[in-house]
Amino acid sequence: MCMLNRIPEETIESIRKANDIVDLIGEYVQLKKQGKNFVGLCPFHSEKTPSFTVTQEKQIFHCFGCGKGGNIVTFLMEMESYSFYEALELLSNRSGIHLPDTGIKKESSLSQENQSILSAYKWLTKLYNHLLRYTKDGKEGYQYFKDRGISDESIEAFQLGFSPRVKDFTAEFLEKKGFHQQLLIKAGLLSLQDDQVTDRFMGKIIFPIRNHLGKTIAFGGRNISNQDGPKYLNSSESDLFQKGKLFYNFDLAKRHIRREGEAVLFEGYMDVISAYQAGVKNVIATLGTSLTQYQAKLLKRYVDTVILCYDADNAGMEATYKASILLREAGCTVKVAKLQENQDPDSFIQAHGAEAFKNEVIQASDTFINFYMRYLKKEYNMSLEGDRIHYIEEVLKQIAMISSSVEREYYLKELSNEYDLSLNSLKDDIQKNRQKGIQRDKREKNRYTTNSKQNFYQSKKLLPAFQNAERQLLAYMLQDLSITNKVQKELGASFNIEAHKIIVTHLYAFYEEGNPADVSLFIERLTDQNLKQFVSEIAMLPVNKNIDDQEIDDYLRTIRTQTNDVPSIKTLKQQQKQAEQHNNPIKAAQIAMEIIKIQKQLKNTN
7 MCMLNRIPEE TIESIRKAND IVDLIGEYVQ LKKQGKNFVG LCPFHSEKTP
57 SFTVTQEKQI FHCFGCGKGG NIVTFLMEME SYSFYEALEL LSNRSGIHLP
107 DTGIKKESSL SQENQSILSA YKWLTKLYNH LLRYTKDGKE GYQYFKDRGI
157 SDESIEAFQL GFSPRVKDFT AEFLEKKGFH QQLLIKAGLL SLQDDQVTDR
207 FMGKIIFPIR NHLGKTIAFG GRNISNQDGP KYLNSSESDL FQKGKLFYNF
257 DLAKRHIRRE GEAVLFEGYM DVISAYQAGV KNVIATLGTS LTQYQAKLLK
307 RYVDTVILCY DADNAGMEAT YKASILLREA GCTVKVAKLQ ENQDPDSFIQ
357 AHGAEAFKNE VIQASDTFIN FYMRYLKKEY NMSLEGDRIH YIEEVLKQIA
407 MISSSVEREY YLKELSNEYD LSLNSLKDDI QKNRQKGIQR DKREKNRYTT
457 NSKQNFYQSK KLLPAFQNAE RQLLAYMLQD LSITNKVQKE LGASFNIEAH
507 KIIVTHLYAF YEEGNPADVS LFIERLTDQN LKQFVSEIAM LPVNKNIDDQ
557 EIDDYLRTIR TQTNDVPSIK TLKQQQKQAE QHNNPIKAAQ IAMEIIKIQK
607 QLKNTN
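Take 7 as the starting number for the sequence shown in the numbering used here and just add one per residue.
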């Protein structure tokens, strides 16, 4: 936080005010309006029910599940593990406000090694892209993309490249840029074989893999000739690159995903590039692996509906089913793109064009249940009565999970008509399955709410009157200078809870410096992270806009009553010392026990 002393406070304040917290957090979390606030699934801990709240009016956030909270700078520091300077730099770039050069070494949350690796990827991304587009060395790579129908605009947007068939080309280039060879081998950019260093991606077309901030953190390479080695090759995994936690093209697609309210998920890089070029821009892909639970939960934070557009062969159908289950467990609505058997997205676009892909594949997507019926039917011999019954029973289990009664009835009528079954008997089975599901959900909910979230809410309900009064009074003081002046005059810092005493002391100083009633700015000036979170929690308390003096007086009276009833630790320690001086060890021990009791109470309520 030393940067606070080196960058003018007015610059920090103007950068903070130029960036709306709802817009920024909306790039990480799907926020929905709820009254005056916005709510979503917390990005800092796993939850099924949204407890993460953002207030535009106060420009702060707080999670009522895990307790994290603060302002826009705090969010970036928590979310990206940024230093204060890095968070401010990102906000400065977003708003176009110049961040002055302080003439000192800039803080970074990344190790020196990872900074070097990112820099090497940045240089190589530019180099390989230039070689692909403008040199003879890249001609075969360029021709490959042209033959696949990829435009120059798309080559530039995805920074596609080509690594030449020269063993030491990349090593020499990076060495001239000052990079250490051993680091590049460790990062997987160079390979060491028989004491000879070569380019890991030599002779391959290059797909830069970027993180959500648009920084290249890895390469995907593809052979385009019959040379030895695997057809596809990714960078090795590292702190920066973990395949099961990233999506290809997420940095470009995320704003389109938010706008469309849907994400289209592919298996391959070329599928994404072709679809993006065809005008379907809310497109992402896994990185050569099956969808993971982490990725499913990540998508749910951003969007409710995911369209799966995998190859329509047996392997693609199997992958679609597995991904569907993970996404549905994460709470997403799943649709399945309508590709004919043995088609893949890229070849469909090449054969039929952009409009046909949008209309006949994406917009004509099947519901999960329709897909599941097709998928499951392949496993049974439908001419056998036993197989037919088992198939229907399995389908009913999935239909039972649908929340819409209209949608449930629609599929039940389909089953009833196709297999000549009574609609009432199907409904009976559905009701039994739903009852089992409700009981299972209750068990899950009970297990889930035994965590800190339940404890958090219980502790708030069980707070004593004086503590609720202190919290409510602080909520008013954070947004009203005149109330603060009244409390300072009548109560000073004589709050009962230690954390409240600290907050109110900071708040008095904050207002005395001439600052306005701005919670986000106040949080900015605090240095203790726990205190920031505590203030954001208190600031989220509902307040009455037209509060009268009587209500404030009631809070003050409640606080004073408790202050008078319970002696302070300082007073008790003085009494303990006097008892020891008067050679009264029993009384001293009794006072010591009382001190311990009060300290425990304070610890439990802070």
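Beta carbons are placed, not taken as given, at the ideal position from N, Cα and C, and that holds for glycine.
These figures come from a predicted structure and were not determined experimentally.
>> Ignoring anything shorter than 4 residues, give me the alpha helix (DSSP H) runs that lie fully in the segment 183-211, in order along the chain.
In response: 187-192
> Secondary structure at Asp-372, three-state DSSP: helix, strand or coil?
Replying inline: strand
>> Output needed for Cys-315: all residues of its chain with C-beta closer than 6 Å, excluding positions within five of it in sequence on either side, in chain order.
In response: Val-270, Phe-272, Ala-343 and Pro-351
>> Could you check whether the segment 144-157 touches the segment 174-187, counting it as contact only if at least three pairs of C-beta atoms, one from each stretch, sit closer than 8 Å?
In response: no
>> Considering only DSSP beta bridges, list what Leu-314 is partnered with.
In response: Leu-271 and Val-342
>> Within a Cβ cutoff of 6 Å, which residues of the same chain sit near Asp-317, ignoring the five residues on either side of it in sequence?
In response: Asp-350
> When the Cβ atoms of the segment 284-293 are set against those of the segment 250-269, are three or more pairs found closer than 8 Å?
Replying inline: yes
> To which residues of the same chain is Thr-326 closer than 8 Å at the C-beta, ignoring the five residues directly before and after it?
Replying inline: Leu-314, Tyr-316, Val-342, Phe-377 and Tyr-381
> Alpha carbon to alpha carbon, how far is Leu-124 from His-262?
Replying inline: 26 Å
> Do three or more CB pairs link the segment 79-94 to the segment 543-557 at distances below 8 Å?
Replying inline: no
> Exposed or buried, what is Leu-297 when buried is set at 16 or more other beta-carbons lying within 10 Å of its beta-carbon?
Replying inline: buried
> So what's His-136 in DSSP terms, helix, strand or just coil?
Replying inline: helix
>> Measuring straight from C-alpha to C-alpha, what distance separates Asp-277 and Gly-167?
In response: 17 Å
>> Below 8 Å, how does it come out for the segment 132-149 and the segment 94-107: are there three or more Cβ pairs, yes or no?
In response: no
> If you draw a straight line from the alpha carbon of Ala-93 to that of Ile-592, how long is it in whole angstroms?
Replying inline: 56 Å
> Mind checking Gln-587: buried by the 16 CB within 10 Å criterion, or exposed?
Replying inline: exposed
>> With H, G and I counted as helix, E and B as strand and the rest as coil, what does DSSP make of Asn-229?
In response: strand
> Quick one: what does DSSP say Thr-59 is sitting in, helix, strand or coil?
Replying inline: strand
> My guess is that Ala-177 and Asp-201 are in contact by the Cβ rule of under 8 Å, so how many angstroms apart are they, rounded?
Replying inline: That pair is no contact at about 13 Å.
>> So, at 6 Å on beta carbons, what are the nonlocal neighbours of Asn-217 in its own chain, with the 5 sequence-adjacent residues on each side left out?
In response: Ile-223
> Buried or exposed: which applies to Gly-392, given that a residue is buried once 16 or more other Cβ atoms fall within 10 Å of its Cβ?
Replying inline: exposed
> Enumerated in chain order, which unbroken segments of the alpha helix (DSSP H) with a length of 4 residues or greater are wholly contained in the segment 260-310?
Replying inline: 275-283 and 299-308
>> So the candidates are Met-599, Phe-225 and Asn-430; which of them puts its Cα closest to the Cα of Ile-215?
In response: Phe-225
>> Counting C-beta neighbours from all protein chains within 10 Å, is the total for Leu-402 16 or more, i.e. buried, or is it exposed?
In response: buried
> For the beta strand (DSSP E) that contains Gly-634, what are its first and last residues?
Replying inline: Nothing about residue 634 can be read from this structure; the chain reaches only from 7 to 612.
> Do you know how far the Cα of Ala-515 is from the Cα of Ala-523?
Replying inline: 12 Å
> Can you pull the DSSP bridge partners for Tyr-254?
Replying inline: Ala-291
> Around the C-beta of Gly-75, are 16 or more other C-beta atoms found within 10 angstroms, so that it is buried, or is it exposed?
Replying inline: buried
>> With H, G and I counted as helix, E and B as strand and the rest as coil, what does DSSP make of His-68?
In response: strand
>> By alpha-carbon positions, which one of Glu-415, Asn-320, Phe-501 and Leu-195 ends up nearest to Phe-247?
In response: Leu-195
> Would Gln-199 be called buried (16 or more neighbouring beta carbons within 10 Å of its own) or exposed?
Replying inline: exposed
> Should Ser-20 be labelled buried (16 or more other beta-carbon atoms within 10 Å of its own) or exposed?
Replying inline: exposed
> Rounded to the nearest angstrom, how far is the Cβ of Ser-526 from that of Ile-66, given a contact under 8 Å?
Replying inline: 5 Å
>> Using the three-state DSSP reduction, which class does Thr-222 fall into: helix, strand or coil?
In response: strand
> What are the partner residues of Tyr-503, as DSSP defines its beta bridges?
Replying inline: Residue identity differs from the one stated: residue 503 is Ile in this sequence, not Tyr. Paired residues: none, contrary to the question.
> Using DSSP with H/G/I as helix, E/B as strand and the rest coil, what is Tyr-425?
Replying inline: helix
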